[in-house]
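In what follows, a structure is listed as structure tokens, so that the remarks can point back to it.
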Amino acid sequence: MYNGWSISSTFPKCVTIFIYVWTAYISITRVKVVPFELLLVLIICTVSLGIYTYSEVISVGPGSPIDFPDLAIKNLHDVEMGAELPPEYLTSRSLTMKHDGRFRICQTCMFWKPDRCHHCSSCNRCILKMDHHCPWFAECIGFKNQKYFIQFLFYCTSYSIIVLFVTSIQIYHWFRSTSYEYEFIDFKLLTVWLLAIVIFISLVLFTGFSVFQLLGNQTTIELYAYRRYKAELNIIGDLDGSENINIFDLGSRYENWKDVMGNSWLEWLLPIETYKSKRSKNTLDEKGLFFAVNLGINGRLLNNIGLQDRLFRRLAARPSTESTRPFIEDF
2 MYNGWSISST
12 FPKCVTIFIY
22 VWTAYISITR
32 VKVVPFELLL
42 VLIICTVSLG
52 IYTYSEVISV
62 GPGSPIDFPD
72 LAIKNLHDVE
82 MGAELPPEYL
92 TSRSLTMKHD
102 GRFRICQTCM
112 FWKPDRCHHC
122 SSCNRCILKM
132 DHHCPWFAEC
142 IGFKNQKYFI
152 QFLFYCTSYS
162 IIVLFVTSIQ
172 IYHWFRSTSY
182 EYEFIDFKLL
192 TVWLLAIVIF
202 ISLVLFTGFS
212 VFQLLGNQTT
222 IELYAYRRYK
232 AELNIIGDLD
242 GSENINIFDL
252 GSRYENWKDV
262 MGNSWLEWLL
272 PIETYKSKRS
282 KNTLDEKGLF
292 FAVNLGINGR
302 LLNNIGLQDR
312 LFRRLAARPS
322 TESTRPFIED
332 F
């Protein structure tokens, strides 16, 4: 999603592309102990996949409720009085609400906020299933680009491993052959080697954290708000405080992985749109407006969501300080 040109958004993109291109050039031209054809194939493939996926994260964007005109708020006063409500397809499946039982809104964007949607001050818009704002992309990671972001982390980690491996072999050969007795070490190669070490360690840690979050079907924002979220659920559903409660956790790591990455190995390995997303192009499914939930926890929280939604609509015109249906606090 295009945010307009600015130094803050263009600089990190230029730096990322430069690091890819420069390290690839140095590795290909300075590493002599690895067969050139093999080195060329490994570098070109991983660089191409990395840069393409990087561009996909940015061009696809995270998704925003402002992409759906029928979620626009027409009159804020009517919303506050309960006279204006979001579309029924949203209210009938929304779980996160305000303390007074009303549906969440963004007074900056003037749009209704679906579940897991939050306003990003850096992007200056609401983001669907917002995970975090990534400075290396100058973009948020959210519903639409999370799959590409995870794949980019894997591609970039693989590339750093390859560069670290081939440059280490070359430097080891320089020592082993006692070339240091009559020539200085290749400073550019040494720089790439040190950079590869730093990037590899950083990426392994961050990739591990991101995959851990994905396998639990939890965003970074939800992780930080987990204690408050859990306290609300305890009050609403009379749940055991010792439970690991996440209503969006589908019950297994495999199901949570498929929910974001797709159902097949091809979807997992390649930066392509998931098949279920393609099948849902003409529906509101897979648009980031509502999500599959853990049926066990959901059943305990919402006994009859359709009945509660109709009750809320009937009472919404009267200002109230109490919720007419179970809610999860807006965090």
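First residue of the sequence shown? That's 2 in my numbering, and the numbers climb one at a time after it. By construction, the Cβ of each residue, glycine as well, lies at the ideal position given by its N, Cα and C atoms. Predicted model, so just to flag it, every value in this text is computed and none were measured.
Closest in C-alpha terms to SER253, from the list GLY217, THR47, GLY209 and CYS107, comes GLY217. Taken atom to atom, the span from the alpha-carbon of TYR255 to that of VAL212 is near 12 Å. CA-CA distance, ILE162 to LEU41, rounds to 15 Å. Looking at PRO88, HIS78 and SER56, the one whose alpha-carbon comes closest to that of PRO70 is PRO88. The Cβ-Cβ distance between ILE222 and ASP132 falls below 9 Å.
ILE20 and VAL164 have their C-alpha atoms roughly 12 Å apart. Taking the C-beta atoms as reference points, HIS119 is found nearer than 9 Å to CYS127. Classified as buried, THR220 has 16 or more neighbouring CB atoms from the shown chains inside 10 Å of its CB.
In the structure shown, the three-state DSSP call for CYS110 is coil.
Only exposed fits CYS15, as fewer than 16 other CB atoms lie within 10 angstroms of its CB.
Out of TYR90, GLY64, THR24 and THR97, the CA that lies nearest to the CA of ASN125 is found in GLY64. The stretch 78 to 97 and the stretch 173 to 187 do not touch, with fewer than three beta-carbon pairs separated by less than 8 Å.
Proximity to THR30 across SER56, LEU215 and ASP187 peaks at ASP187, based on C-alpha coordinates. Excluding its 5 nearest sequence neighbours in each direction, GLY51 has C-beta neighbours in its own chain below 8 Å: TYR21, PHE153, TYR156, CYS157 and TYR160, listed in chain order. Annotation: the continuous beta strand (DSSP E) that includes ILE128 extends over 126 to 128.
A direct Cα-Cα distance of roughly 42 Å separates ILE151 from MET82.
One Cα belongs to THR11, the other to SER56, and the distance between them is close to 12 Å.
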